[in-house]
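Participant: Let me give you the structure first, and then I'll get to my questions.
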Amino acid sequence: MVSKKVLEYVNTCCEDVTLIDKFLVAGFIEFNNIRVVRNKFILKHIDLDGQEGTYREFFDLIRSETKAFTLEDLIQLFEVLVPKDDRIVNGAIYTPGYIRKYIVNHTLHKLGQINIINLKVADISCGSGAFLFDLAEQINKLTGKPFSKIYKENIFGLDITSYSIARSKILLALLAIMNNEDEEKFEFNLFTGNALSFDWFAKCKIVRENGGFDAIVGNPPYVRARNLVDENKMLMKNWEVTKTGNPDLYIPFFEIGVKYLKESGTLGYITANTFKRSVNARNLRVFFKEHRFELEILDFGNDQVFEQKSTYTCIVFISNRYADQVKYSRISPKDLIDEKFQMHAIPYDSLDSHKGWLLNSKDILNNIYKLQLTGTPLGKKFKIKNGLATLCNDIFIFKPTGSDKHYFFLKDQCAVYKIEKSICKDIVKPNKLKSEADLPRLLEKIIFPYRINPNLSISKGCNPSTLELYTETYLKQKFPNTYKYLSNKKEKLLRRDKGNGKVKYKWYEFGRTQALTDQGKKLLFPYMSNKPYFVFTDKKDLLLYAGYAIFSDSEQDLLILKKMLQSDIFWYYIRKASKPYANNYYAMAKNYVKDFAICALTAKDKVFLLHTENPKKINYFLIKKYNLELSDVDKIGI
54 MVSKKVLEYV
64 NTCCEDVTLI
74 DKFLVAGFIE
84 FNNIRVVRNK
94 FILKHIDLDG
104 QEGTYREFFD
114 LIRSETKAFT
124 LEDLIQLFEV
134 LVPKDDRIVN
144 GAIYTPGYIR
154 KYIVNHTLHK
164 LGQINIINLK
174 VADISCGSGA
184 FLFDLAEQIN
194 KLTGKPFSKI
204 YKENIFGLDI
214 TSYSIARSKI
224 LLALLAIMNN
234 EDEEKFEFNL
244 FTGNALSFDW
254 FAKCKIVREN
264 GGFDAIVGNP
274 PYVRARNLVD
284 ENKMLMKNWE
294 VTKTGNPDLY
304 IPFFEIGVKY
314 LKESGTLGYI
324 TANTFKRSVN
334 ARNLRVFFKE
344 HRFELEILDF
354 GNDQVFEQKS
364 TYTCIVFISN
374 RYADQVKYSR
384 ISPKDLIDEK
394 FQMHAIPYDS
404 LDSHKGWLLN
414 SKDILNNIYK
424 LQLTGTPLGK
434 KFKIKNGLAT
444 LCNDIFIFKP
454 TGSDKHYFFL
464 KDQCAVYKIE
474 KSICKDIVKP
484 NKLKSEADLP
494 RLLEKIIFPY
504 RINPNLSISK
514 GCNPSTLELY
524 TETYLKQKFP
534 NTYKYLSNKK
544 EKLLRRDKGN
554 GKVKYKWYEF
564 GRTQALTDQG
574 KKLLFPYMSN
584 KPYFVFTDKK
594 DLLLYAGYAI
604 FSDSEQDLLI
614 LKKMLQSDIF
624 WYYIRKASKP
634 YANNYYAMAK
644 NYVKDFAICA
654 LTAKDKVFLL
664 HTENPKKINY
674 FLIKKYNLEL
684 SDVDKIGI
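So the sequence shown is numbered by the numbering used here: it starts at 54 and just counts up by one.
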């Protein structure tokens with residue numbers, strides 16, 4: 054394990070990739086007393102070129118902080134010491150060794166009787182070569198084939214950055230040298246290019262003649278749609294799974310991988326687990342279902358396997374063979390290490406690619422289906438609305454430090470501004486609410502630069518067209534203090550949407566029009582939570598941000614609904630059907646809650662729910678209503 058001090062030291066010069074690599078290679082060789090005589094590539098990397106003094110300082114730190122300096126340590130250093138900009142746009146990340154080895158071993162195992170000595174295996178987003186390293190080790194172990202021949206005949210890699218390919222060569226060369234293969238030169242099949250456009254059949258004769266790869270392994274780059282460079286956005290439109298929407302970068306790597314697999318080939322990835330349910334992976338789910346691949350998913354759920362990275366992952370195996378079901382298991386890292394888990398088979402025909410795939414054991418899926426089909430979906434029975442979006446909450450929303458007859462006082466850094474009361478509305482953040490008692494304490498004010506258009510009639514369920522934005526002249530004349538405050542923030546307000554000049558809103562208005570006219574009694578609830586918090590308010594004009602609200606004209610209906618949604622039954626549904634996060638938090642987005650069915654209730658049932666405060670009695674009542682078998686429901690308090 055690389056020490057924190059060593060990481061901090063090399064991070065100070067991580068933009069100078071050549072210098073880092075020389076220090077790391079020289080330090081590794083010196084620390085482990087490795088003798089390199091012939092290999093020109095490694096000899097070049099231990100030529101310090103006048104940096105001996107700085108190197109000595111670095112090596113002394115390693116010697117004092119480290120008991121061992123292994124190839125796995127070198128892999129970790131290569132993967133984490135990436136220029137910041139590349140880390141954001143290319144998604145570089147270190148994959149723990151136990152995960153890589155599991156993927157490599159099981160991918161090779163799935164190939165069955167194929168002659169491993171002639172295998173063609175690739176990592177098409179290889180980074181610094183960690184998966185290639187494990188592949189080479191495993192093929193050598195199984196066949197005794199020299200590493201030099203494995204590099205020439207068996208393993209293939211591609212990465213978008215040339216320094217990553219150089220690091221892959223360093224790693225593989227050192228592996229061979231440490232196994233008594235100090236060749237003057239190794240022949241690698243390692244390429245620099247963009248996987249979204251790289252044509253393996255055109256660029257590599259060996260792959261073309263083999264009809265593709267026998268196997269592909271790796272960790273596709275996880276780059277959110279908002280961080281994609283323009284070139285990748287355009288190239289992603291060439292792939293069926295990413296032609297539409299705002300997909301993340303990892304998504305097309307499934308289609309790319311399958312394209313370059315032989316007919317009997319197998320793919321093994323560790324990747325984001327969001328493709329099971331997310332809207333931006335809808336085309337990927339359709340792709341899987343239409344082709345009926347033999348698909349296995351080992352889902353880590355909310356267990357995070359990458360250090361210092363809030364990414365939720367799964368291992369996916371795809372065999373290029375027909376299957377009528379998906380195999381799935383929810384596992385922990387320990388389960389993977391111990392290889393103790395049970396796979397559950399879910400028929401492809403039962404999966405809804407549009408709404409998202411529900412994957413679990415048969416008993417749990419039966420419960421979920423009952424909770425979705427026994428009654429009317431929440432999203433059809435009630436209006437569920439998102440909060441408003443200013444795109445600059447810290448400017449528009451504030452907690453007054455005081456007030457007088459006409460003004461609220463807004464403290465901002467060293468200044469105190471007067472904000473006219475008549476331009477403000479009450480607003481609350483559902484993400485912070487736990488109960489009705491929190492409302493007075495968490496109430497805030499929002500500067501609301503809109504008025505009802507007197508020429509339009511306001512009816513129930515009005516839309517943003519019934520509001521009109523104050524003209525800048527009117528704002529300046531009617532609310533001079535507020536105008537002065539907003540003018541001082543104009544530069545920041547203009548940077549919303551990354552300063553895109555094509556946006557159609559004025560500098561002093563909200564970034565989005567959603568929720569501006571939403572009125573009525575409501576239940577407020579958060580984007581994500583570790584418990585089912587639903588807070589009732591009868592303040593019809595109360596606005597919200599960073600959260601959701603369920604609206605109804607009937608206070609009684611909302612109070613009954615509150616009892617149902619705060620039950621362990623609803624929380625069971627959320628834990629099994631929504632997206633998990635760290636610390637046992639789960640997504641409460643509209644997309645996940647809207648399909649929960651509200652069962653039919655008699656007048657007697659409504660009276661019971663309105664007046665019963667005992668959670669166990671409510672749980673038991675709902676279990677009966679939804680016809681859930683107690684043995685099928687885990688961790689329900691009754």
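All C-beta atoms, glycine included, are put in the ideal place defined by N, C-alpha and C. The structure presented is a predicted model; accordingly, all values stated were derived computationally and were not measured.
To the nearest angstrom, report how far apart residue 421 and residue 372 are at their CA atoms.
Facilitator: Each residue's alpha carbon lies about 29 Å from the other.
Participant: Candidates 551, 569, 596, 615: which alpha carbon is nearest residue 435's?
Facilitator: When each option's Cα is compared against that of residue 435, the closest is 615.
Participant: For residue 375, name the three-state secondary structure that DSSP assigns.
Facilitator: In this structure, residue 375 counts as strand in the three-state DSSP scheme.
Participant: What did DSSP end up calling residue 182 once you bin it into helix, strand or coil?
Facilitator: Coil at residue 182, not helix or strand.
Participant: Can you name the start and end residues of the alpha helix (DSSP H) that residue 561 belongs to?
Facilitator: Premise fails: residue 561 is in no alpha helix (DSSP H) and is neither H nor E.
Participant: Might you give, ordered along the chain, the residues of its own chain that have their beta carbon closer than 7 Å to the beta carbon of residue 512, omitting 5 neighbours on each side?
Facilitator: Because the pLDDT of residue 512 is 42, which lies under 50, any placement of that residue in the model is unreliable, and the question is left without a value.
Participant: Here's a check: name, in chain order, each residue in its chain whose Cβ is nearer than 8 Å to the Cβ of residue 98, leaving out the five neighbours to either side.
Facilitator: 74, 75, 78, 79, 223.
Participant: Determine the burial state of residue 575: buried for a count of at least 16 other Cβ atoms within 10 Å of its Cβ, exposed for fewer.
Facilitator: With 16 or more Cβ atoms within 10 Å of its Cβ, residue 575 is classed as buried.
Participant: To the nearest angstrom, how far is it from the Cα of residue 343 to the Cα of residue 563?
Facilitator: Each residue's alpha carbon lies about 42 Å from the other.
Participant: For residue 98, name the three-state secondary structure that DSSP assigns.
Facilitator: Correct three-state label for residue 98: helix.
Participant: What's the C-alpha gap between residue 159 and residue 57?
Facilitator: The straight-line gap from Cα to Cα measures roughly 33 Å.
Participant: So residue 635 is in the alpha helix (DSSP H); what residue range does that whole segment cover?
Facilitator: Note, residue 635: premise wrong, no alpha helix (DSSP H); not H, not E.
Participant: For residue 622, which three-state DSSP category applies?
Facilitator: Residue 622: helix per DSSP, three-state reduction.
Participant: With H, G and I counted as helix, E and B as strand and the rest as coil, what does DSSP make of residue 693?
Facilitator: No answer is possible for residue 693: it lies beyond the span of the chain, which begins at 54 and ends at 691.
Participant: Where does residue 408 sit, in a helix, a strand or coil, going by DSSP?
Facilitator: Coil, per DSSP.
Participant: Answer yes or no: do residue 208 and residue 174 have a C-beta to C-beta separation smaller than 7 Å?
Facilitator: Contact: yes.
Participant: Which residues share a DSSP beta bridge with residue 351?
Facilitator: DSSP, once it has assigned bridges, lists 368, 382 as partnering residue 351.
Participant: Could you pull out every residue in the same chain whose Cβ sits closer than 6 Å to the Cβ of residue 127, ignoring the five residues on either side in sequence?
Facilitator: Counting only Cβ-Cβ distances below 6 Å, and skipping sequence neighbours, we find 81.
Participant: Hey, could you find the ends of the alpha helix (DSSP H) residue 226 is sitting in?
Facilitator: Residues 215-230.
Participant: With 16 other CB atoms within 10 Å as the buried threshold, where does residue 151 fall?
Facilitator: Classification for residue 151: exposed.
Participant: Are residue 652 and residue 427 closer than 7 Å when you measure CB to CB?
Facilitator: It is a contact, given that the beta carbons lie within the stated cut-off.
Participant: Using a threshold of 7 Å, state whether the C-beta atoms of residue 474 and residue 462 are closer than that.
Facilitator: Result no, Cβ atoms of residue 474 and residue 462 do not sit closer than 7 Å.
Participant: Using DSSP bridges, identify the partner residues of residue 519.
Facilitator: None; residue 519 has no bridge partner.
Participant: How should residue 279 be labelled, buried or exposed, when 16 other C-beta atoms within 10 angstroms of its C-beta is the threshold for buried?
Facilitator: Exposed: under 16 other Cβ atoms inside 10 Å.
Participant: What distance in whole Å lies between the Cβ atoms of residue 226 and residue 86, which are believed to be in contact at a cut-off of 8 Å?
Facilitator: So it is not a contact: roughly 17 Å between Cβ atoms.
Participant: Is it buried or exposed, residue 641, if we count other Cβ atoms within 10 angstroms and call 16 or more buried?
Facilitator: Per the 10 Å Cβ criterion, buried.
Participant: When you compare each of 493, 259, 313 to residue 206 by their alpha carbons, which one comes out closest?
Facilitator: Nearest of 493, 259, 313 to residue 206, Cα basis: 259.
Participant: From this set, 360, 359, 370, which residue's C-alpha is nearest residue 314's C-alpha?
Facilitator: Closest by alpha carbon: 370.
Participant: Apply the 10 Å Cβ neighbour rule to residue 319 and answer buried if 16 or more other Cβ atoms are within range, or exposed otherwise.
Facilitator: That one is buried.
Participant: What residues in its chain sit with their C-beta under 6 Å from that of residue 487, if we drop five residues either side in the sequence?
Facilitator: Counting only Cβ-Cβ distances below 6 Å, and skipping sequence neighbours, we find 586.
Participant: With distances taken between CB atoms, is the gap from residue 471 to residue 534 smaller than 7 Å?
Facilitator: Cβ atoms of residue 471 and residue 534: closer than 7 Å.
Participant: Got a sec? Which residues, its chain only, sit under 6 Å from residue 478 by beta carbon, not counting five neighbours each side?
Facilitator: Here the set comprises 499, 501, 596.
Participant: For residue 243, count neighbouring Cβ atoms within 10 angstroms of its own Cβ and tell me buried if that reaches 16, exposed if not.
Facilitator: Buried: at least 16 other Cβ atoms inside 10 Å.
Participant: I believe residue 649 touches residue 431 by the beta-carbon criterion, under 8 Å. Please report the beta-carbon distance rounded to the nearest angstrom.
Facilitator: At roughly 5 Å, the Cβ-Cβ gap stays under 8 Å, so residue 649 and residue 431 are in contact.
Participant: As an exercise, report each continuous alpha helix (DSSP H) stretch of at least 4 residues that is fully enclosed by the segment 650-685, in chain order.
Facilitator: Whole alpha helix (DSSP H) segments, 4+ residues: 656-664, 668-678.
Participant: Kindly identify the DSSP beta-bridge partner or partners of residue 640.
Facilitator: Answer by DSSP bridge pairing, in chain order: 581.
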